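Scroll down for the structure; my scribbles are underneath it.
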Amino acid sequence: MCATRRTGREVVVATPDSGNRSQLSGRTFTAVDLVATALFGFEGAAAAAQTDLDILGILVVGFIVGLGGGILRDVLLGFLPPASLRSSSRVVAALTGATVAFVLVGLADAVPATALALCDAAALAFVAIAGAEKAFGMGCSIVVTTVIGGISATGGGIIRDVLLGRTPYVLSQSVYGTAALAGALVVAVTLTYLGRPAVALWSGFVATFGLRTLAVLLDWQVPHLT
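The opening residue of the sequence shown carries number 51 in my numbering; numbering runs sequentially from there.
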């Protein structure tokens with residue numbers, strides 16, 4: 051499903067078709083990953099601030115949520131230790147997002163629900179893109195790339211909801227995991243058949259962010275059996 055070889059701290063795709071695999075540049079991927087980490091850190095801390103957690107608890111939740119999706123992605127791909135633990139940039143991004151949320155909540159008493167939903171949708175989209183792109187670059191098939199992107203994108207939200215004692219969105223009727231999978235699938239298909247990393251990035255973002263935002267605004271629900 052996925053095949054790689056390692057050279058020092060870098061991962062090199064070792065598949066027969068690796069020469070045909072177009073990926074985002076290292077800087078672009080890192081930028082996407084950092085933005086996603088900061089957004090989830092912000093969203094996690096903002097959600098925690100609406101509970102009775104103290105300052106430390108709010109920052110810890112934001113920190114863990116910010117890093118959770120990326121760590122889960124790297125563990126599933128066998129990329130150990132995870133990128134979040136090999137450099138300080140993602141740690142700083144998560145803490146920065148959490149701190150900004152804490153300050154804003156202190157000034158405005160609460161982050162508006164619409165702003166929180168948009169932040170969560172953007173974070174979901176960026177993590178789905180990063181997860182799918184990394185899986186694709188390591189030689190994974192379209193199906194596996196899509197699954198990795200979806201799992202890594204929803205990981206942070208699941209951690210947030212578990213820590214806050216809520217039923218995870220991805221396990222409820224909300225269009226959450228579906229939106230993440232849609233974006234990851236768009237990235238996988240675009241990279242496979244078009245070989246256009248920039249197109250894959252923005253089309254994947256539009257798919258996930260757009261679907262999740264519309265679901266929130268229009269109260270779309272995933273059908274259930276009962």
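Using N, Cα and C, we set each Cβ at its ideal position, and we do this for glycine too.
Only a predicted model underlies this, so the values are computations on that prediction, with no experimental measurement involved.
Using three-state DSSP, classify residue i as helix, strand or coil.
{"i": "R59", "result": "Note that R59 has pLDDT 41, beneath the 50 cutoff, so the model's placement of it is unreliable and the number below is only indicative. In this structure, R59 counts as coil in the three-state DSSP scheme."}
{"i": "S224", "result": "strand"}
{"i": "T195", "result": "helix"}
{"i": "A158", "result": "helix"}
{"i": "T65", "result": "No answer about T65 holds up, because its pLDDT of 39 lies below 50 and its placement is not dependable."}
{"i": "Q271", "result": "strand"}
{"i": "F129", "result": "coil"}
{"i": "D211", "result": "helix"}
{"i": "L231", "result": "helix"}
{"i": "L241", "result": "helix"}
I'd like to know whether the C-beta atoms of residue i and residue j end up nearer to each other than 8 Å.
{"i": "A180", "j": "V256", "result": "no"}
{"i": "A248", "j": "F186", "result": "no"}
{"i": "A182", "j": "G254", "result": "yes"}
{"i": "A234", "j": "T195", "result": "yes"}
{"i": "G118", "j": "G205", "result": "yes"}
{"i": "A178", "j": "A203", "result": "yes"}
{"i": "L213", "j": "I114", "result": "yes"}
Quick one: measure Cβ to Cβ for residue i and residue j, integer angstroms, because I've assumed they're closer than 8 Å.
{"i": "V111", "j": "R216", "result": "V111 to R216, Cβ: 12 Å. No contact."}
{"i": "A96", "j": "V161", "result": "4 Å"}
{"i": "A265", "j": "V225", "result": "4 Å"}
{"i": "G156", "j": "G91", "result": "Not quite, the Cβ-Cβ distance comes to about 16 Å (not below 8 Å), so this is no contact."}
{"i": "G107", "j": "T87", "result": "Actually they do not touch by this definition, with Cβ atoms about 19 Å apart."}
{"i": "L122", "j": "I201", "result": "7 Å"}
{"i": "F152", "j": "L109", "result": "6 Å"}
{"i": "L89", "j": "C190", "result": "Not a contact, Cβ separation roughly 25 Å."}
{"i": "T240", "j": "A171", "result": "Not quite, the Cβ-Cβ distance comes to about 20 Å (not below 8 Å), so this is no contact."}
Go to residue i, then tell me how far its alpha helix (DSSP H) extends in each direction, as first and last residue.
{"i": "L126", "result": "105 to 126"}
{"i": "F92", "result": "76 to 99"}
{"i": "R216", "result": "From DSSP, R216 is part of no alpha helix (DSSP H); its letter is neither H nor E."}
{"i": "P247", "result": "247 to 268"}
{"i": "S138", "result": "Looking at the DSSP string, S138 is not in any alpha helix (DSSP H), and its letter there is neither H nor E."}
{"i": "D170", "result": "163 to 187"}
Please confirm if the region 212 to 232 is in contact with the region 140 to 151, defined as three or more CB-CB distances below 8 Å between the two stretches. no
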